[in-house]
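What follows is a short report on a single structure.
Residue numbers (this note's numbering): 8 to 325.
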């Protein structure tokens, strides 16, 4: 189920139904993403959801994974609530998101993202959109299906989880995480939020290369695998992370955003852990790597579409 109480979930799913009716789509899966899915949310964290849909045809559904040179505007739309109450394509939103900022502070979300499912799954095989290769596209598929908060009325997640893991490419995940960590820890001073996220990403990298599968999204699940010394140190850093937000809690958006700009002193235990993981993952950073994993994209899509076909229930007396 999605994150939040009954009213929160009903509001999100009401907008999902409106999207289906407006554009003749079939939404089949949804997940919480962002800091809430990781378990490191604060009072000012965004409520981010990502839903996957199929294009309805007279017989069956369209297959966008077969289309070459897909544009983001074709397969990604964002619903903007509040006074604007509109839909914009994902590319437009990403480039001009300030224009669509929700001013109604009573709302708990500022957008709902809708992605076409077959093209989305295809990012495991070919993470290219608008003719650009993106490690983030590959990573976001794993993140979506491994989120602890999912809307999954057709039981899709359990049916495709093993195939998703078979398509895990450690080089892609490692490069995605390392880029963030290296930028964060090379700053002086280091930012508290980025320091904590660097720990989270290092734990994810470590899990991925040891287990050859996507790492759990939830921070505490990864943390449970650490030794006591490292765990205690990380929990202290996390405590400071939450305290920093509470100290400057305010309705003023600028002040709230300043919570992300608080610096922190480096910790020897954490620095040693980060450097150890970075060293062990150097060999995965060849930018020219080609995935040698078997391609299960078609099988995954077939399973998902097959899950939508409800069995015919006949009366026992027929």
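Every residue gets a Cβ at the ideal spot worked out from N, C-alpha and C, and that includes glycine.
Item, Value
"Reduced DSSP secondary structure (H/G/I, E/B, other) of residue 292", "coil"
"DSSP-derived helix/strand/coil call for residue 127", "helix"
"Candidates 58, 66, 108 and 175: closest to residue 303 by CA position", "175"
"Under the three-state DSSP convention, the category residue 183 falls into", "helix"
"CB of residue 185 within 9 Å of CB of residue 315, strictly", "no"
"Cβ contact check for the stretch 155–162 and the stretch 24–41: 3 or more pairs under 8 Å", "yes"
"Cβ-Cβ separation, residue 199 to residue 211 (assumed contact under 8 Å), whole Å", "Their Cβ separation, rounded to whole angstroms, is 19 Å, which puts residue 211 and residue 199 out of contact at 8 Å."
"Residues of its chain near residue 167, where Cβ-Cβ distance is below 6 Å and the 5 sequence neighbours each way are ignored", "307 and 310"
"Cβ-based burial, residue 235 [other Cβ within 10 Å; buried from 16]", "exposed"
"Residue 56, DSSP secondary structure in three states", "strand"
"Buried versus exposed, by CB contacts within 10 Å (16 or more), residue 149", "buried"
"Supposed close pair residue 5, residue 119 - CB separation, criterion 8 Å", "Any property of residue 5 remains undetermined from this structure, which presents the chain solely from 8 to 325."
"Buried or exposed (CB count within 10 angstroms, at least 16 for buried), residue 196", "exposed"
"Segment contact, 8 Å Cβ cut-off, at least three pairs: the stretch 64–78 with the stretch 40–50", "no"
"Proximal residues to residue 42 (C-beta, below 6 Å), its chain only, five neighbours per side dropped", "48 and 52"
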